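Novice: Going letter by letter, the sequence shown gives residues 49 to 395 in my numbering.
Even for Gly, the Cβ is constructed at its ideal location relative to N, Cα and C.
Quick caveat, the model's predicted, so the values are computed rather than measured.
So that we are looking at the same thing, I have put the structure below in structure tokens.
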Amino acid sequence: MILAGSKQLDGMLRDGSFPRLLLLWGEDGPAVQKYQRRLEKAVVTAFPDFNSYRCDGKAPIDLDALGDSALALPVMAPRRFALVDDLNADLLSAGDMAKLQQLAEELPEETLLVITMRSALPDLKKKGSKGAKVHALCDRHGGACCFQRPTASAAAQLAAAEAARLGSSLGREEGLLLASYCGRDSQRMLVETQKLAAHSPDGITAEDIRRLVAPVTEARVFDLSDRMIARDYTAAMATINDLIFQRESPVTILTILSMAFVDMYRAAVARKQGIPDAEAKKAYGYGGSGYRYDKGVQNQRRFSLPMLEDILELLARADGRMKASGIDPRVVLETLVADIFRRMEAG
């Protein structure tokens, strides 16, 4: 069965009603590990050396040893626990898949076998992939629970709680900026918060984040849009040069840059129509905190609506040129930025 998020796992932990097989997977690695530890603690109530088994799924697995442990009776305890940690399903041979399927069919009620996937996630759209086969196996014989990457607001709250635990502080706007820089990767958020708290025990500022945290591509491209909004042509071109040097695709840069101007255009249209921000966020489908829309509201004030419409037209033409012509995509991108600056200067 496909579990409806962590709440269903919480219910299992309260009731002690576990299936024999569980797959915990997703981009939110810390949440996967958190529930793996909670399940192990709930199941292994005595003699852990005899009643638990674990193997590293990032390396080839000894399915025979896993089967011997999972099928054995618990020692002076009600249940046994077996773990395949961070499975890379592509390492499983056809024989391994057959053994895993047989093990899933034969697991006794006294055993809970947990498989986690954090690094190599299953591609469920590719039915023949080994990851999809493992997911289907767990769905059929037990349960599978996906932990999605947290929203920007949830990631910011996680970082704020970590900063408070370490004796520092992190405000909401600073937390959202950190979430943007970390791509809402909760594991990286925790690590960066620990670093920032050590550096700034009196409170983490936006300037601390910009100086000390290396942003993901999306955040770097939004930095590009910030430099363009600030009418800083030299800094904008330098940012493009840095992104290309880091082997970021001009197509990706153009896509994210377009998102920034689309956010501004949507905010400008909503403001002109007198639509409240909360209502506009919902109508446009901005989930979580709506951080991107809020930023669009702030930045659209520097543009007239006709200017934003012209810039969107320039972005669309550049997208078509990248996809249809033999021109170097970098040249198309740099020409686009120059054209946008000329449009802004024209007022």
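1) Looking only at C-alpha atoms, which of Gly64, Glu154 and Ala331 sits nearest to Asp116?
2) From the DSSP output, in three-state form, read off Leu353 for me.
3) Leaving aside the five residues before and after Tyr332 along the sequence, list all residues of the same chain whose C-beta is less than 6 angstroms from its C-beta, in chain order.
4) Indicate whether Arg127 and Ala120 have their beta-carbon atoms separated by less than 8 angstroms.
5) Residues in its own chain within less than 6 angstroms of Gly344 by CB, not counting five upstream and five downstream?
6) Short check: CB of Ala130 to CB of Tyr83, under 8 angstroms?
7) Could you please give me the residues that DSSP links to Tyr192 through a beta bridge?
8) Residues in its own chain within less than 6 angstroms of Asp58 by CB, not counting five upstream and five downstream?
9) Terminal residues of the continuous beta strand (DSSP E) containing Asp104?
10) Since I believe Val269 is in contact with Ile304 (beta carbons under 8 angstroms), could you give me their beta-carbon distance rounded to a whole number of angstroms?
11) If I measure Cβ to Cβ from Met276 and keep anything under 6 angstroms in the same chain, skipping five residues before and after, which residues do I get?
12) Kindly indicate which residue of Ala146, Phe95 and Asp110 has the alpha-carbon position closest to the one of Ala15.
13) Give me the Cα-Cα distance between Ala202 and Asp104, rounded to the nearest whole angstrom.
14) With 16 other CB atoms within 10 Å as the buried threshold, where does Glu240 fall?
15) Measuring only the C-alpha atoms, how far is Pro354 from Thr199?
16) Could you have a look at Leu131 and say whether DSSP puts it in helix, strand or coil?
17) Report all residues from its chain with a CB closer than 6 angstroms to the CB of Ala79; omit the five preceding and five following residues, and keep chain order.
18) Determine the extent of the alpha helix (DSSP H) in which Val317 is found, giving its start and end residues.
19) For the ligand SAH, is there any heavy atom lying closer than 7 angstroms to the beta carbon of Leu70?
20) Kindly list the residues whose CB is nearer than 8 angstroms to the CB of Ser216, restricted to its own chain and excluding five residues on each side of it in sequence; keep chain order.
21) What are the uninterrupted segments assigned as alpha helix (DSSP H) that are 4 or more residues long and contained completely in the segment 179-256, given in chain order?
22) When DSSP labels each residue in this structure, what does Ile288 get in the three-state scheme?
23) Output the distance between the C-alpha atoms of Glu222 and Ile257, rounded to the nearest integer angstrom.
24) What separation, rounded to the nearest whole angstrom, lies between the Cα atoms of Ala204 and Ala227?
25) Starting from Leu111, follow its DSSP beta bridges and name the residues at the other end.
26) In this structure, what does DSSP give as the bridge partners for Thr164?
Specialist: Result, derived from the coordinates:
1) Glu154
2) helix
3) Arg314
4) no
5) Asp311, Met312 and Ala315
6) no
7) Per the sequence shown, the amino acid found at residue 192 is Ala instead of Tyr. In DSSP, Ala192 forms a bridge with Ile50 and Leu71.
8) none
9) Ser100 to Asp104
10) 4 angstroms
11) Ala284
12) With the chain running from 49 to 395 in the structure shown, residue 15 is simply not present.
13) 30 angstroms
14) buried
15) 32 angstroms
16) strand
17) Phe195
18) Pro298 to Lys320
19) For the ligand SAH, the structure offers nothing, since it holds no ligand at all.
20) Leu244, Ala245, Ser248, Pro249, Asp250, Gly251 and Ile252
21) 200-213, 220-229 and 234-247
22) helix
23) 8 angstroms
24) 6 angstroms
25) Partner(s): none; Leu111 has no beta bridge.
26) Leu72
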